[in-house]
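Taken in sequence, the protein lines are chains C and G.
Oh and the first sequence: position 245 is 274 in the numbering used here, straight run, nothing missing.
Oh and the second sequence: position 35 is 64 in the numbering used here, straight run, nothing missing.
By construction, the Cβ of each residue, glycine as well, lies at the ideal position given by its N, Cα and C atoms.
Every value quoted in this text rests on a predicted model; they were computed, and no experiment measured them.
Take a look at the structure below.
2 protein chains.
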Amino acid sequence: MKIYPVACLLVALCIASAWAQPPAAGKAGRGATAPRIISPEVGADFRVTFRLLAPKASDVVLTGEFLKADQHLTKNEAGLWSITVGPVEPETYHYNFVVDGVKVLDPGNASLKMGSTAQTLANSLEVRGTQPFFYDAQPVPHGEMRTNWYESKSLGFVRRATVYVPAEYDQNPQKRYPVLYLLHGANNDETTWTRQGRANLILDNLIAAGKSRPFIVVMPFGYGVKDPMNPGGANNNELFSQDLRGDLIPMIEAKYRTLADRDHRGLIGLSMGGGQALTIGLNHLELFSYVGGFSAAIRQPETFPATFASLVKDAGASNQKLHLLWFGCGTDDSLFEPAKEFSKFLTAQKIKHTFRESSGAHTYMVWRRYLNEVAPQLFRE
Amino acid sequence: MKIYPVACLLVALCIASAWAQPPAAGKAGRGATAPRIISPEVGADFRVTFRLLAPKASDVVLTGEFLKADQHLTKNEAGLWSITVGPVEPETYHYNFVVDGVKVLDPGNASLKMGSTAQTLANSLEVRGTQPFFYDAQPVPHGEMRTNWYESKSLGFVRRATVYVPAEYDQNPQKRYPVLYLLHGANNDETTWTRQGRANLILDNLIAAGKSRPFIVVMPFGYGVKDPMNPGGANNNELFSQDLRGDLIPMIEAKYRTLADRDHRGLIGLSMGGGQALTIGLNHLELFSYVGGFSAAIRQPETFPATFASLVKDAGASNQKLHLLWFGCGTDDSLFEPAKEFSKFLTAQKIKHTFRESSGAHTYMVWRRYLNEVAPQLFRE
């Protein structure tokens, strides 16, 4: 990885021009009076420069989804660390710095990857190409994301769920809609599928293009406990399942205009939520007819026969109930081999399914593409 | 500030027990395999212990709203830094670490203060007393927060606004509601009034107790530009005002069941948004009859006569139009003196108003209390 002299010059200029000028907008808490450092900066050549002012630090590392390996930044005499990498292919990536062994967010970058825990916080890097992304906000009608607080009787406390209603929802006060329950991964929360996954914008764009039927998407909080730092261990999926079936689905069907039957109810998740979706969904075909897993956390092939006993007992009957069973995984993902094993298991048991082998690793880049591919296949029967 | 030996012992125990055990829930990105460190830990005596594993760091500082001054942590032989402070009064505070001069979030704490920029990110510390907070989620009916994406013709791009609808909204399909436009501060965004301000929960609780009339709250994004890192300087408030009056209010009134007249429209903001609310609201009494500023960014008393010329031209007429003009500021806030000057100015000009002098600084602790105090006074006429 080369350091480009032009970047150093730019940095010097940035510091010179920015130093004297604090942020324009009012008193904003400690740290706001630091000079403005431009980071990241995407060049016309798709090379990206990162900068961090840290005169006292002895080592600054950049880690990001667009890098093959972590990169060490270099420091100038003003204590500004910088590096230029790339060219980077147009996409939306996550990255962060590591300063003397401790994770640090890029203070120059307002765009963040959120999560339920501080560990998974990162910055977003958007490298734009000549075309809009399929997950960009376009001038089309936009659905709403509705944050619901609800009492979970199963779990004994107040929980949250994000609900996407399509743009037309309020214009059709008599119309009822299918519902997709869409589950997040470990250390994510009920906002991650929209914040990082852009689920709302992907659906806005698909619906506007006539590629997807309008439907409601419910994005619950995937932990069955109050504190995601204590995720409940092996019991978590069971707790989550109780809330989903006993509280969340009844609340949604009481509150929203849903088509409240199995033919119009789907369950899809990613990573941890993929494991939940496959396990809960395929064991509850009386509730769900569309089931999917994106890079699903199903790790132990030896447990498949017991875990999915109710599914495979009568393959013909299960196939009739399942309008779609879809799961995908990137070949660079450590969960790829288990996914392949799951496909083999289902094939041996004569369960119809689609196993999508794609490129990519364990990231929202892959999951956004999967949602864009699967949504048009939902609720077609 | 003392370091308590018991904390060191606890830390040693935590490390010993946690080291061998990675987080339970799946592959979660880089950093997830680090040992679990308990931080913050609130003791029964309301003392709070903070811990950060950073063997390579040479200095770790704790900065927080519950401290009179920043505190240096001490390191043990395993590289774990820690400190115990307090007792701390029950409240919800913000804090972060500073490692070798660089801001670092507490990786042990899932609870975060969000913002539109990475600079204002911090962790939350909740110290609970014997009673629930007025901003806690209680077993009462909960309103929804609805995230709207809308095209701003004034500004030429897609913007977001969070809309709170009271719990009863969907049960009364013919009923129309007053609307409060509630503006955030610098480096906040359209989610901050609910995430940090708990505006939805404060209103849920007030409405359930019969203390407040049910109304809609619209929380826009307070910058008139796409990139909050480039907040548009002196022009920002004018850009924001154009969007508010030209796009946001018409969108809300087309989409929601509002009482769409000045008697049922309020404008309140905090800090930067307080400046916007007072400036825009008091210059547009044809639109707003309830106007308020919480720790408002109105810094230059010499500009008051020009800025508020239309308000003071005919005090009698203005007083008749204003159902409420309320502003407050904490005595530890640097904006306290300008607020006092503003009150003097209004008194001299015979404009009716309430100036609330309270304790506290420039924090959401103060603004939550102000909202709880003001909401019951809204839309009573």
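What are the boundary residues of the beta strand (DSSP E) that includes C/M394?
Looking at the DSSP string, C/M394 is not in any beta strand (DSSP E); the run it does join, the alpha helix (DSSP H), is 393-403.
So, with DSSP's three-state summary, where would you put G/S324?
Here G/S324 sits in coil by DSSP.
In chain C, what lies closer than 9 Å to G/N401 by C-beta?
Those within 9 Å of G/N401 in chain C number zero; the least Cβ separation is about 18 Å.
Assess contact between the segment 171-187 of chain C and the segment 223-235 of chain C, defined as three or more Cβ pairs (one per stretch) separated by less than 8 Å. Is contact present?
Enough Cβ pairs lie closer than 8 Å, so yes.
Please decide whether G/D199 counts as near chain C, where near means a Cβ-Cβ distance under 8 Å.
It does; some Cβ of chain C falls within 8 Å.
Which whole-angstrom value is the C-beta distance of G/L353 and G/Y319, which I expect to be below 8 Å?
Right, their Cβ atoms sit about 5 Å apart.
Run down chain C in chain order and give the residues with a C-beta less than 9 Å from the C-beta of G/D276.
Correct list: empty, because the minimum Cβ distance to chain C is about 13 Å.
Find the nearest neighbour of C/R157 within the set C/G357, C/E118, C/R328, C/L273, judged by alpha-carbon distance.
Of the candidates C/G357, C/E118, C/R328, C/L273, the one whose C-alpha sits nearest the C-alpha of C/R157 is C/E118.
With H, G and I counted as helix, E and B as strand and the rest as coil, what does DSSP make of G/Y206?
Strand at G/Y206.
Could you tell me which residues DSSP puts in a beta bridge with C/H123?
According to DSSP, C/H123 bridges with C/S153.
Which residues in the same chain have their Cβ closer than 7 Å to the Cβ of G/P367, if we skip the five residues on either side of it in sequence?
Contacts found: I327, R328, P330.
Below 8 Å, can you find three or more Cβ-Cβ pairs linking the segment 191-204 of chain G to the segment 266-274 of chain G?
No, because fewer than three Cβ pairs between the segment 191-204 of chain G and the segment 266-274 of chain G fall closer than 8 Å, the two stretches do not touch.
Measuring CA to CA, which of G/L154, G/A107, G/F250, G/H101 is closest to G/N217?
For the residues G/L154, G/A107, G/F250, G/H101, the minimum Cα distance to G/N217 belongs to G/F250.
So, using beta-carbon positions, are C/Y193 and C/D276 closer together than 8 Å?
No, the pair does not count as a contact, with Cβ atoms beyond the cut-off.
Please decide whether C/T336 counts as near chain G, where near means a Cβ-Cβ distance under 8 Å.
Chain G contact via Cβ: absent.
In three-state terms, what does DSSP make of C/R294?
It is a strand residue.
Examine chain C for any beta-carbon lying closer than 8 Å to the beta-carbon of G/L209, and answer yes or no.
No, G/L209 does not count as interfacial toward chain C.
Going along the chain, which residues of the segment 105-123 of chain C sit with their C-beta nearer than 9 Å to a C-beta in chain G?
So the list reads G108, H123, given in the order they occur along the chain.
So, do the segment 309-325 of chain C and the segment 234-247 of chain C have three or more beta carbon pairs nearer to each other than 8 Å?
No: the two stretches stay apart, fewer than three of their Cβ pairs being nearer than 8 Å.
Determine which residues of the segment 139-173 of chain G have a Cβ less than 7 Å from any Cβ of chain C, and write them out in chain order.
Residues passing the 7 Å Cβ filter: A139, L141, S145, T146, A147, Q148, T149, L150, N152, A166, P168, H171, E173.
Please list, in chain order, all residues of the same chain as C/L212 whose beta carbon is under 6 Å from its beta carbon, the five residues on each side excluded.
If we look at C/L212 and ignore the five residues flanking it on each side, its Cβ neighbours are G251, G298, G302, Q305, A306.
Among the residues of its own chain, which have a CB less than 8 Å from the CB of C/L134, if the five just before and after it don't count?
Contacts found: N125, F126, L141, L150, A151, N152.
Work out the CA separation of C/S111 and C/F79 for me, nearest whole Å.
Whole-angstrom Cα-Cα distance: 5 Å.
Mind pulling the chain G residues with CB within less than 9 Å of C/E219?
In chain order: nothing, as chain G lies at least about 12 Å away.
Looking only at DSSP bridge pairs, what is C/W178 linked to?
Note: C/W178 sits in a beta bridge opposite C/R189.
Looking at the structure shown, is G/F337 part of a helix, part of a strand, or coil, going by DSSP?
Looking at G/F337 - three-state DSSP - the assignment turns out to be coil, as it is neither helix nor strand.
Would you mind sorting C/P161 into buried or exposed? The rule is 16 or more other CB atoms within 10 Å of its CB.
With fewer than 16 Cβ atoms within 10 Å of its Cβ, C/P161 is classed as exposed.
What in chain C is Cβ-close to G/N177, meaning under 9 Å?
The contacting residues are H171, E173, M174.
First and last residue of the beta strand (DSSP E) that includes C/I245?
Run containing C/I245: 245-249, per the beta strand (DSSP E) assignment.
Let's see if you can read the secondary structure: which residues bound the alpha helix (DSSP H) around G/E366?
Counting along the chain, the alpha helix (DSSP H) containing G/E366 begins and ends at 365-377.
For C/K284 and chain G, any beta-carbon pair shorter than 8 Å?
Yes, because at least one Cβ of chain G sits closer than 8 Å to the Cβ of C/K284.
How far does the beta strand (DSSP E) with C/I112 in it reach, from first residue to last?
Where C/I112 is concerned, the enclosing beta strand (DSSP E) stretches over 109-114.
Which residues mark the beginning and the end of the alpha helix (DSSP H) in which G/K284 is found?
Start and end: 278-284.
Find the residues of chain C that neighbour G/G130, judging by a C-beta separation of less than 8 Å, and give them in chain order.
The contacting residues are A83, P84, K85, A86.
Expressed to the nearest angstrom, what Euclidean distance is found between the alpha-carbon atoms of G/E282 and G/R189?
The straight-line gap from Cα to Cα measures roughly 16 Å.
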